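**Student:** Sharing a structure with you now.
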Amino acid sequence: MTSTPHAHLAQLNVATLRHPLDDPRIAPFVEMLDTVNAAADRTPGFVWRLVEDGAADATALRPAGEDVIVNLTVWESQEALWDFTYRSGHLEVMRRRREWFERHAEAHLVLWWVPAGHLPSVDEALERLAELRAHGPSPRAFTFTSSYTAAEAAPHLGGVAPARRPG
């Protein structure tokens with residue numbers, strides 16, 4: 013699922029905390045944040061990540077609920093995001109996620125293509141997640157396992173109503 017020169021892949025992941033961020037049971041996660049974020053920043057294909065003004069990360073932002081943290085990033089390609097997610101130190105965080113986060117009954121990760129140079133807002137990202145939850149994967153909102161190419165999503169980059177996948 014390689015990107016085209018005019019499109020990048022946006023990613024939103026939401027996680028419901030089991031305990032407040034300042035709780036000692038969450039400390040191992042908090043201690044990994046700087047290292048994992050720095051690794052993402054250095055990963056080939058990384059474009060951007062949401063951070064709170066004056067902070068190193070976005071953990072204090074709570075647009076999806078007081079106990080929900082968000083991770084919003086942009087990548088040059090799906091392969092670049094996949095490599096960081098599953099072939100780097102980030103994998104350790106994923107292996108331990110049940111220690112720190114509740115299991116989600118519905119989608120908690122959404123991917124979508126954006127025009128190169130566009131930095132998605134949190135509202136835009138939450139809308140894509142809601143779209144995925146309501147309608148399933150489409151060229152406007154998908155997952156790693158039900159993905160679309162940038163070419164398939166091209167008609168939807170400008171905010172066109174979502175297309176439903178036949179099936």
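Take the sequence shown: its letters are residues 13 to 179, numbered as in the numbering used here.
We put the beta carbon where it would ideally sit given N, CA and C, even for glycine.
Note that the structure is a prediction, hence the values are computed from the model and not measured.
Using 8 Å as the Cβ pair cut-off and three pairs as the minimum, do the region 44-64 and the region 118-126 touch?
**Tutor:** No, the region 44-64 is not in contact with the region 118-126.
**Student:** Taking all protein chains shown into account, decide if Thr47 is buried (16 or more other Cβ within 10 angstroms of its Cβ) or exposed.
**Tutor:** It is exposed - the Cβ of Thr47 has fewer than 16 other Cβ atoms within 10 Å.
**Student:** Buried or exposed for His102, please, with buried defined as at least 16 other CB atoms from any protein chain shown within 10 angstroms of its CB.
**Tutor:** That one is buried.
**Student:** Could you have a look at Pro75 and say whether DSSP puts it in helix, strand or coil?
**Tutor:** In the structure shown, Pro75 sits in coil (DSSP, three-state: anything other than H, G, I, E or B).
**Student:** Using a Cβ-Cβ cut-off of 7 Å (strictly less than) and excluding sequence neighbours within five positions of Ala76, which residues of its own chain qualify?
**Tutor:** Val26, Val82, Leu138
**Student:** Helix, strand or coil for Arg37? Go by DSSP, reduced to three states.
**Tutor:** helix
**Student:** Output the distance between the C-alpha atoms of Phe156 and Val105, rounded to the nearest integer angstrom.
**Tutor:** Straight through space, the alpha carbons of Val105 and Phe156 are spaced by roughly 18 Å.
**Student:** Can you look up Phe113 in the DSSP assignment and give me helix, strand or coil?
**Tutor:** Three-state result, Phe113: strand.
**Student:** Alpha carbon to alpha carbon, how far is His20 from Glu136?
**Tutor:** 15 Å
**Student:** At what residues does the beta strand (DSSP E) containing Phe58 begin and finish?
**Tutor:** 58-61
**Student:** Using DSSP with H/G/I as helix, E/B as strand and the rest coil, what is Arg155?
**Tutor:** Strictly speaking, residue 155 in this sequence is Thr, with Arg absent from that position. Coil, per DSSP.
**Student:** Exposed or buried, which one is His116 when buried takes at least 16 other CB atoms within 10 Å?
**Tutor:** Counting Cβ neighbours within 10 Å, His116 comes out exposed, since fewer than 16 surround it.
**Student:** In the DSSP assignment, find the unbroken alpha helix (DSSP H) run with Ala165 in it and report its ends.
**Tutor:** First-last of the alpha helix (DSSP H) with Ala165: 162-165.
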